[in-house]
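**Student:** Can you keep this structure in mind? I'll have questions shortly.
In my numbering, the protein residues as written are 2 to 442.
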């Protein structure tokens, strides 16, 4: 037993603290939010040993929760033998410093954002994912830089080292170590942004190639653990990592699928969303999230069995608005119906969402494949409904474009003229730019 403890460290014992501010209207109740935070902490490898919350009329500018509650939490930390305290709200730099001083060196002070960043660092498996997570971590750390920030020192794999001080040389006159660390982090952030800009340009190039090929893109979005990766696997047979945990996959996966008519489309899985998603993460994953904004159709995948499913839908919509996704048609996909005992619950949920601007609602099970034919039919129908009516004159030597029209569009009339083939067709949005030079009045 003792030898095992030497080789396998025990999980860090964490105590959770929530805050309910009078007059605020959060999506989740304080109890539900703390329950989600506990799941996040366990996903990050912590052992949750207790929790509490504070009702406040206003946020305490020094300690967030007030002097009296801090003292109460201190007693709970001792009683539970906790090593870390995790706040459900993002701590500003002053809160971080004050709480670290009051709880003492033996207690790590974390917040929800730090835990989510830690989970992302564990799950980033590609170079791009590692770069994005590392950038988000450094931007989170910089304003909070103190000597007690080793709790954020997980190796992300992005090449930046553990603490951002690996490349520090000699200090200048009068410089403190914190000043050196801060300058080094700023330099590292700049380098990461340059590398991610190259990633963004590479993605844009791929999008242009896809548009030239005339293949539409369907993006999967959803609250974390709603089953997006399982649905991608069920539809495409893609070999993707699937696990029943938060943020199991971060790196986008795109697969080509066939619709009922035989037309091809691309289906891409993106990072899962969650309430209070750190703004540094949203910014760092800009290149990945741009795939959503460039999609022709969005599938919002939700876990129909989750008690907070309606709040999850709202969180996803809020996040899409935050990253400025245009009004792309959306399909609400009620997943995991095989686990639903009460059919009336599904009907009630669908009715509650009937006033929202979804192009369709489809109930499926990624595990049993129930409802997948209906989903594919809905995708094809909605993609077809967004088509534009055009009249084209294609030169005879552009037989490739004539073939592309017959493959990806609906050709209503075709005749041969003196200068080429005249066609009347309904074409999807992703082909409009391709055929614009050949349009007739």
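Glycine included, C-beta positions come from ideal geometry on N, C-alpha and C.
(1) Below 8 Å CB to CB, which residues in the same chain sit around residue 438 once its five sequence neighbours on both sides are set aside?
(2) Which first and last residues belong to the beta strand (DSSP E) in which residue 389 is found?
(3) Measuring only the C-alpha atoms, how far is residue 367 from residue 336?
(4) Considering only residues of the same chain and omitting the five flanking positions on each side of residue 150, which have a CB-CB separation below 7 Å?
(5) Start and end of the beta strand (DSSP E) containing residue 443?
(6) If we ignore side chains and look at the alpha-carbon of each, how far apart do residue 364 and residue 430 end up?
(7) Whose C-alpha, out of 299, 221 and 45, is nearest the C-alpha of residue 120?
(8) Might you give, ordered along the chain, the residues of its own chain that have their beta carbon closer than 7 Å to the beta carbon of residue 373, omitting 5 neighbours on each side?
(9) Around the C-beta of residue 262, are 16 or more other C-beta atoms found within 10 angstroms, so that it is buried, or is it exposed?
(10) Looking only at C-alpha atoms, which of 99, 113, 48 and 107 sits nearest to residue 18?
(11) Going straight from the alpha carbon of residue 221 to that of residue 360, what length do you get?
(12) What is the rounded straight-line gap between the Cα of residue 401 and the Cα of residue 203?
(13) Could you tell me which of 145, 255 and 126 sits nearest to residue 94, measuring between CA atoms?
(14) If you measure between the beta carbons of residue 426 and residue 412, is that distance less than 7 Å?
(15) Please give the ranges of any beta strand (DSSP E) in the region 250–316, keeping only runs that are unbroken, at least 3 residues long and fully inside the region.
(16) Please name the residue, chosen from 99, 87 and 41, that lies closest to residue 64 on a Cα-to-Cα basis.
(17) Starting from residue 88, follow its DSSP beta bridges and name the residues at the other end.
(18) Ordered along the chain, which non-local residues of its own chain (more than five positions away) have a Cβ less than 6 Å from that of residue 311?
(19) Can you tell me the Cα-Cα spacing of residue 371 and residue 419, whole angstroms?
(20) Looking only at its chain, what residues have a beta carbon closer than 6 Å to the beta carbon of residue 362, apart from the 5 residues adjacent to it on each side?
(21) Got a sec, what are the start and stop residues for the beta strand (DSSP E) residue 417 sits in?
(22) In chain order, what residues of the same chain have a beta carbon less than 6 Å from the beta carbon of residue 52, not counting five sequence neighbours either side?
(23) With residue 139 as the anchor, note down where its alpha helix (DSSP H) starts and where it stops.
(24) State the start and end residues of the unbroken beta strand (DSSP E) segment that holds residue 57.
(25) Name the DSSP beta bridge partners of residue 67, please?
(26) Provide the residue(s) that pair with residue 470 in DSSP beta bridges, ordered along the chain.
(27) Looking at the unbroken alpha helix (DSSP H) that takes in residue 35, where does it start and where does it end?
(28) Using the Cβ count rule (16 or more neighbours within 10 Å means buried), how would you classify residue 117?
(29) Between which residues of its own chain and residue 1 is the CB-CB distance below 7 Å, once the five residues before and five after are set aside?
(30) Any idea what DSSP makes of residue 221, helix, strand or coil?
(31) Taking the DSSP output, what are the residues bridged to residue 428?
(32) What is the rounded straight-line gap between the Cα of residue 415 and the Cα of residue 399?
(33) Would you kindly check if the distance between the Cβ of residue 421 and the Cβ of residue 405 is under 7 Å?
(34) Alpha carbons only, please: which of 279, 27 and 294 is nearest the one belonging to residue 443?
(35) Along the chain, where does the alpha helix (DSSP H) containing residue 104 start, and where does it finish?
(36) Check residue 433 in the structure and name its three-state DSSP category.
**Tutor:** If we stick to the structure as given:
(1) none
(2) 389–395
(3) 7 Å
(4) In this prediction, residue 150 has a pLDDT of 44, which is less than 50 and means its spatial position is unreliable; what the coordinates show is noted afterwards. Excluding positions up to five away in sequence, the list reads 142.
(5) Absent from the structure is residue 443, since the part of the chain shown begins at 2 and ends at 442.
(6) 27 Å
(7) 45
(8) 235, 236 and 365
(9) exposed
(10) 113
(11) 15 Å
(12) 26 Å
(13) 145
(14) yes
(15) 254–259, 265–270 and 298–304
(16) 99
(17) 18 and 112
(18) none
(19) 52 Å
(20) 333 and 351
(21) 411–417
(22) 17 and 35
(23) 128–142
(24) 48–57
(25) BP columns for residue 67 are empty, so no partner.
(26) This structure cannot speak to residue 470, because the chain is shown only from 2 to 442.
(27) 31–44
(28) buried
(29) The structure shown does not extend to residue 1, since the chain spans only 2 to 442, so no value can be given for it.
(30) strand
(31) 389
(32) 14 Å
(33) no
(34) The question about residue 443 has no answer here: the residues shown for the chain are numbered 2 through 442.
(35) 94–104
(36) helix
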